[in-house]
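Start counting the sequence shown at 2; every next residue gets the next number (this note's numbering). Below you'll find the structure, written out as structure tokens, and then a few comments.
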Amino acid sequence: MQTGGDDAAAQNGAPPGGASVGGKSLSQKLGGSLSFLKRTKSTGSSRAEKLRKDIDFTEHTWPEDKLYAYYGATPEGGLTGAQVLQNRQKFGSNMLTPPATTPWWIKYLMCYADVFMILLLVGGVLCFVAFSIDQSDLTNLYLGVVLFLVVFLSATFGYYQEAKAAGVMEGFKKLVPKKCKVLRDGHVSILDAQELVPGDVVEMNDGDQVPADIRVLFANDLKVDNSCLTGESEPVERYPELARDSNGKLITVPLEAANLCFFTTIVTSGSGRGMVIGTGDRTVMGQIAGLAAESSGESQTQFQREVATFIKIISVLAITIGITFVLIGVFVAKASVIEMIVFAIGIIVGTVPEGLLVTLTVSLSLSARNMYARNVLVKGMPSVENLGSTTVIASDKTGTLTQNRMTVQHAWYNGVLVSVPAARNKPQLTACMRPGVLKGAVYNPQDPTWQKLQMVATLCNNSRFVVVEKEEEGKETRPPLDLAKEVQNPDFNLLGLTCTGDASESGLIKCVELLRSVEEYHKANPKIHEIKFNSTNKWQLTIHRPEDPTAEHPILTLKGAPERVLRMCTHIMVDGESVPMDANWQAKYNEAYEALGAMGERVLGFAYREMTDVALDYPFTNKPEPNFEFKNLTFVGLMSLIDPPREGVKEAVEKCKRARIKVYMVTGDHPITAQAIAKQIGIIDEDMYAAGRAIVVKGDDIRDWMDIEDPVARQAKWDWALDHEQIVFARVSPAHKLLIVENCQRRGENVAVTGDGVNDAPALKKANTGLAMGISGKDVSKEAADMILMDDNFASIVAGIEEGRVIFDNLKKSIAYTLASKFPEQIPFLLYVAINFPLAISTILILTIDLGCDMFPAISLAYEPKEADIMQRPPRNPAVERLVSRRLISFSYFQIGIMQTCAGFLAFMAVLNDYGYNWDTLLGLGINWPNFPMICTVGTNSWGINSKTCGFGCEEPPETFNGQTTLYGQAKDRGDDYLFCETGCQIPFNGTADAFVEFSEFGFRGFPTGNQLSDSIQAVCGRTCSWWRSLGTKTDFLIEQNNIFRARVAAGVVDVNNPFGYSPDAQYALILSAAENTQFEQYCSQANGDQYGFPGRGLVNSDVDRAPQGGWWWWNGLPQYWPNLNNQQNVLLMAQSAYFLGVVVARWADLLVCKTRKESIFNQGMRNNVLNWALLFETFVASAVVYIPPLNTVFNTRPPPVMYVCCGLPFFFCIFIYDELRKLRMRQKPKGWVETNTYW
């Protein structure tokens, strides 16, 4: 307790704002009476430092005449109108300064300024640009709409999360009283509280809200509820005398001064008058509001920062890759604008995990729902994971660690200290009274001394049980409780009943009710007279008519502070007999009193006297002085009460210790009481305390530290205290609680703070996780907090931490699963530009994976049960164990991602191969694929390579061949066995090689002669390489008389399904002479009805018979049609669909291996039914977009045969087996190479 030096210091003290700090008054430091104005204008660190110190009042140490003189008021008239204006100009209005605010629409627009959002917006714009260039491709339009929708939803959700913090200052405004009674110009007026100025004389009555910080000048049993400021559960008495400590020194700490009433507190009883000495910001509440506004905490949680960092990395990666390869495409590959736009879109969509934010949001929402089921209401979803990272819990004592109800713990009578069971009902009391159930001796309800102690505790008590609920509109009230009946019920909880009166009296009647009904006891012994408890006497006295009808004299009962009660006693009751109080009994009393005090319990003394000198009809009075004798009493005994620990709290603290989470008690209660409770629940261990590794830090210690001007030395004091493993902070102020949080955070701790009062708002906002009390908490504390404990129970915090750790694990699993799809989505686009490889997956299919197939499975991982060691691990170190770590990226991209990519490419190339595009013909086809001819092209005079380079027995035509000859004999297979060339033969020409060149240069063995129809059909219609010439910009050939395209072009019709199909976008076209045209029509017309096989594929008669008209048959596969532009594009779409399905099949295994981080899936099992359904959902979505006609039109897919989808199965097993072996090795050798490098 901080005190002043002497009365002279009070007489000659500084003006307002001149609190003694570091040997100098604040007025000396800031310059006299204008200190307040200067302080309100101060900014930066100096203002922040002042806010963290106790409010700097000294007026409570001044004599009244000085107080009136300073403010210009008089006792009779208060302030004059002129003085009010002068004081208002000097000190300001009685209003809290609102913080600077940003308009909501600017906050909302800023949500779109994120790098991730901008990148997706750019992608959406590029989609619309691509659609404007080529409106025939609707997929770009769909893709742009989806990207803009993702941006809109993400930005809107981000704004919603930020908007939740805006209500804190509004909560303080609600606390400001509306009206008050003020003495001005000699008249009492009712004014708005905002009109008050320092110097106003205010009247206060029962139920009023204190309108400012007020120095009490007159009090009549005045009590105020300071719980919102100090956490004290009981109202405290206020009186006008200068507050002094036990040594007679003036108390200078405002919160400990009994002659001050504080802004927004409630007058619970009595009345009083006082002078306003602090208004608006210059009040204790104003200081707290300033701290709440200034201590806004972290703008982002650690979880949000990690996600933001990851998104920035991904965005930079996407931009870098995009720019690099677009430049390569434009300047090296000579790609068109539309091709590069498609590539840029693909890189953006393939690199950025579009569904990640939605997945995280939904997963956190599900976790928040789980936490609500455990009595923790989550206000901001990112704080769910943040709570799981907690390293320090700074918890209030009253109501959080304890039950917030005083309960009798011990009693002392007959010279023996005994335990008093806190039983809920009579069956439980009976069980507790059995020997061995409780440690030590238990009271004997049959002992005559105990019965006398029970009588005094019952009769000298104004508390009663509330057995009838107050009727509320729209609420059905329960019938009155029959306590005599209810206490026999083993399920009834007497301790939970609401009582009238103060906490101590409520605790006493809950103790004695199970022995005899309190109501019945009072009816049998009606009260005749009473002297109420007051701070001067510190005792309560009642006089009763005895229940014995033959009694002629009343009974006096007395309870109160033991030392005061003992002074009024000359005897002590021993075994039911009154014996003189000698030195021996005095020593025993002292020993018991000190023992109970050391336990931190509130001790009450009890005495009685049979008033044999007074008749029952005596007219008792205590006005002006008592007219009866109340000395020479018999001391009956002591009872001690304490707010006992909540059930489950000790176990919860032990769980925190196993999880390496430090639990600090932060309370305004007495250090001895705080230490006693801390030892009971395990926050302080006896051996740790004895070894000097546990400490109790008092508020006075913190005040001394704050007076140290050297910041390094001040910080060293904090470090010394916080180096202890177990800490209790007692008798601390609101500013101290904030300092505790800040210094813990400075040391790298992740701090969770509990609070229920207005005074806790700054610390709740500053903490990494603020936890407000749902039952006892004030609105301001709830608005400042991140979470609300619905049951005010510390055990719920630990349950929340466990849930936070589970969600962190599960979020990592979701992210690992989500990111694993990025590698198979990115690689096709990189190959597309880097080596001109055909694009294996389209952007619309990438979005289908990210937003369609993956989201439900990723979210389902949030339902995964916890792992067994979840509360055995230490809190995660954000610097080491990040949400998205290097090892997680390595796992997702370069382990699982590579295997998924291989699965997709196997399916992709299998389709192309079986449609005639062998793997060694694909390089160079990527960008040119959409504009490529049906078959191959031989440019004029471009044959020019060594005829032996083909290497597969093909006889090439003369090098002088110009590509337009009719000398068919020069182009035939070597030999007479009519075998076609082996796969792999290629022809050089003007353009990129086409896959169908693999069969032979011309694909036939000579033009047919005579009626060799079967040979001619096989030879002519089977050819895959014919005479072509570049179309370029020349179109005059289209009007040639004998040209096969003349009639179609003239009619405006292009039949791309014809074997000689033509597209306006083709760079090459088939040019035939009239003779050629006639022969092709003769032998290749579909009307011919003959069938033929696919040349060069081991043709046999059975295959020939099964081939369709205009098509071919091979490998016992499905019928395939003549290659032309339309079919060529469909083959690519089918191959892309196969790639997509192959990746999805591999992702089945990815989902299964992501169920656990170290445990085998065979131990974890498939208990997560949400995930089981997600597997089916993923399969259904992937199948639907490929195989259902309306959808495959929208998604631009073509249905491949199922055998191509099975290409993903080998990699499914590969992923599964690899990860099981990896986890097995980690379990076998913890901290080994595998765990160090692959445990994500």
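All C-beta atoms, glycine included, are put in the ideal place defined by N, C-alpha and C.
Quiz item: Using the C-alpha atoms, what's the distance from P1202 back to L318?
Solution: 36 Å
Practice problem: Would you check if there are 3 or more beta carbon pairs closer than 8 Å linking the segment 346-360 to the segment 815-826? | Solution: yes
Practice problem: Figure out for me which residue from K539, H530, R565, W706 has the closest Cα to the Cα of K624. | Solution: H530
Quiz prompt | Distance, A904 Cα to A911 Cα | solution = 11 Å
Quiz item: Hey, out of E548, T1180, K663, E595, whose CA is closest to L617's CA?
Solution: E548
Quiz item: Sorted by chain position, which residues of the same chain lie with C-beta nearer than 7 Å to L358's C-beta, five sequence neighbours on each side aside?
Solution: S155
Quiz item: Are the beta-carbon atoms belonging to V729 and I696 less than 9 Å from one another?
Solution: yes
Quiz item: Do you know offhand how far A525's Cα is from H554's?
Solution: 15 Å
Quiz item: Would DSSP call F1046 helix, strand or coil?
Solution: Confidence at F1046 is low in this model, with a pLDDT of 32, below 50, so the placement of that residue should be treated as unreliable; the coordinate-derived value is given next. Looking at F1046 - three-state DSSP - the assignment turns out to be coil, as it is neither helix nor strand.
Quiz item: Taking the C-alpha atoms as reference points, what is the distance between F58 and P199?
Solution: 12 Å
Self-check item: Assigned secondary structure, P829 (DSSP; H/G/I helix, E/B strand, else coil)
Solution: helix
Quiz prompt | Whole-angstrom C-beta distance between V268 and V752, which should lie under 8 Å | solution = Contact flag wrong, Cβ pair sits at about 35 Å.
Practice problem: Report the three-state DSSP secondary structure of Y665 (helix, strand or coil). | Solution: strand
Quiz item: Any idea which residues DSSP pairs C570 with across the strands?
Solution: L634
Exercise. Count the C-beta pairs between the segment 627-645 and the segment 426-434 that are closer than 8 Å, then say yes if the count reaches three, no if not.
Key: no
Quiz item: How is the alpha helix (DSSP H) around W63 delimited, first residue to last?
Solution: Here W63 belongs to no alpha helix (DSSP H), and DSSP marks it neither H nor E.
Practice problem: Would you grab the beta carbon distance between N260 and R216 for me? Rounded to a whole angstrom, and I think it's under 8 Å. | Solution: 6 Å
Self-check item: P672 in three-state terms, based on DSSP
Solution: helix
Quiz item: So which of W63, N463, R185 has the shortest CA-CA distance to P76?
Solution: R185
Quiz item: For Y1205, which residues from the same chain have a beta carbon less than 7 Å from its beta carbon, with the 5 sequence-adjacent residues on both sides left out?
Solution: A908, A911, V912, A1139
Quiz item: Three or more beta-carbon pairs under 8 Å between the segment 841-861 and the segment 769-785, yes or no?
Solution: no
Practice problem: Could you check the C-alpha separation between N585 and E592 for me, to the nearest Å? | Solution: 11 Å
Self-check item: Other residues of its chain near S1015: CB distance less than 6 Å, five sequence neighbours each side excluded
Solution: Because the pLDDT at S1015 is just 39, under 50, the model does not fix this residue reliably, and the value given afterwards should be weighed accordingly. Cβ within range, chain order: n/a, list empty.
Exercise. Note down the Cα distance separating N445 from W451, rounded to an integer number of angstroms.
Key: 7 Å
Quiz prompt | Whole-number beta carbon distance between L639 and T543, since they are thought to touch under 8 Å | solution = Rounded, the Cβ-Cβ distance is 19 Å, inconsistent with contact.
Quiz item: By DSSP, does R694 sit in helix, in strand, or in coil?
Solution: coil
Exercise. Find the nearest neighbour of N914 within the set I789, P839, G508, judged by alpha-carbon distance.
Key: P839
Quiz prompt | Inter-stretch contact (C-beta, 8 Å, three-pair minimum) for the segment 376-395 and the segment 210-224 | solution = no
Practice problem: Under the assumption that A817 contacts C1155 (Cβ atoms under 8 Å), give the Cβ distance between them as a whole number of angstroms. | Solution: 5 Å
Quiz item: Going by Cα to Cα distance, which pick from V799, M774, L484, I802 is closest to I789?
Solution: M774
Quiz prompt | L218 - DSSP class collapsed to helix/strand/coil | solution = strand
Quiz item: Buried or exposed: which applies to S133, given that a residue is buried once 16 or more other Cβ atoms fall within 10 Å of its Cβ?
Solution: exposed
Practice problem: From the DSSP output, in three-state form, read off W1234 for me. | Solution: helix
Quiz item: What distance in whole Å lies between the Cβ atoms of T844 and L144, which are believed to be in contact at a cut-off of 8 Å?
Solution: 6 Å
Practice problem: Pick helix, strand or coil for F933, following the three-state DSSP scheme. | Solution: Because F933 carries a pLDDT of 44, less than 50, the predicted location of this residue cannot be relied on, and no value is offered for it.
Quiz item: Quick one: Cα of A1147 to Cα of G323, how far?
Solution: 27 Å
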